[in-house]
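If you count by the working numbering, then the sequence shown holds residues 100 to 219, one letter each, in order. Just so you know, even glycine gets a beta-carbon here, dropped at the ideal spot from N, CA and C.
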Amino acid sequence: MSLSGKRILLIIGGGIAAYKALDLIRRLRERGAAVRVVMTSAAQEFVTTLSVGALSADHVFTELFDRNDEHDVGHIRLSREADLLVVAPATADLMAKLANGHANDLASTVLVATDKPVLM
Numbered sequence: 100m101s102l103s104g105k106r107i108l109l110i111i112g113g114g115i116a117a118y119k120a121l122d123l124i125r126r127l128r129e130r131g132a133a134v135r136v137v138m139t140s141a142a143q144e145f146v147t148t149l150s151v152g153a154l155s156a157d158h159v160f161t162e163l164f165d166r167n168d169e170h171d172v173g174h175i176r177l178s179r180e181a182d183l184l185v186v187a188p189a190t191a192d193l194m195a196k197l198a199n200g201h202a203n204d205l206a207s208t209v210l211v212a213t214d215k216p217v218l219m
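Written out as structure tokens, the structure is:
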């Protein structure tokens, strides 16, 4: 299945399965998708932003408020530029935040703000 021209925002949650997101990025890109990534702080305990950035060929977003970030991309823009949001792994914490509208980090604010389909 070709994903050519599709823009996918992958949100990596902090679970032991976070390492599988690396293979997911590779497979999505092989099928032609452009992949941008948001990582929770817990996800960064399992995989590095360096490896994720190398595979996605894009900047990895980690902080809701990053004064040192040269990219002018807020949570609204991230959520609206994608055709699809994928949460993998979908941790209990991320699912609870989404279910309750609790948005206290970049990943949860993007999920609450999006008007696009979300695959968990």
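* Asked: Going by the beta-carbon positions, is the gap between Ala142 and Gly112 smaller than 7 Å?
  -> Counted from its first residue, the sequence shown places residue 142 at position 43. Counted from its first residue, the sequence shown places residue 112 at position 13. Closer than 7 Å, so yes.
* Confirm, please, whether the CB-CB distance from Leu109 to Val146 is below 7 Å. => In the sequence shown, the residue the question calls residue 146 occupies position 47. In the sequence shown, the residue the question calls residue 109 occupies position 10. Their beta carbons are not under 7 Å apart, which means Val146 does not touch Leu109 by this criterion.
* **Residue range of the unbroken beta strand (DSSP E) whose run includes Ala133** => To locate residue 133, count along the sequence shown from 1; it is residue 34. Ala133 to Met138 is the span of the beta strand (DSSP E), which, as asked, contains Ala133.
* Asked: Relative to the alpha-carbon of Ile175, which residue among Lys215, His201 and Glu144 has its alpha-carbon at the smallest distance?
  -> Within the sequence shown, the letter at position 76 stands for residue 175. Ranking the options by Cα distance to Ile175, first place goes to Lys215.
* **Supposed contact pair Ala189 and Ala219 - C-beta distance, whole angstroms, cut 8 Å** => On the sequence shown, position 120 is the one that residue 219 refers to. On the sequence shown, position 90 is the one that residue 189 refers to. Note that residue 219 is Met in the sequence shown, not Ala. For Met219 against Ala189, the beta-carbon gap comes to about 4 Å, under 8 Å, which counts as contact.
* Asked: Shortest alpha-carbon distance to Leu183 belongs to which of Glu129, Asn203 and Leu210?
  -> For the purposes of this step, residue 183 is identified with residue 84 of the sequence shown, where counting begins at 1. Considering only alpha carbons, the answer is Leu210.
* To do: Assign Phe164 to one of two classes, buried (16 or more other C-beta atoms within 10 Å of its C-beta) or exposed (fewer than that).
  => By one-based count along the sequence shown, residue 164 stands at place 65. Exposed is the call here.
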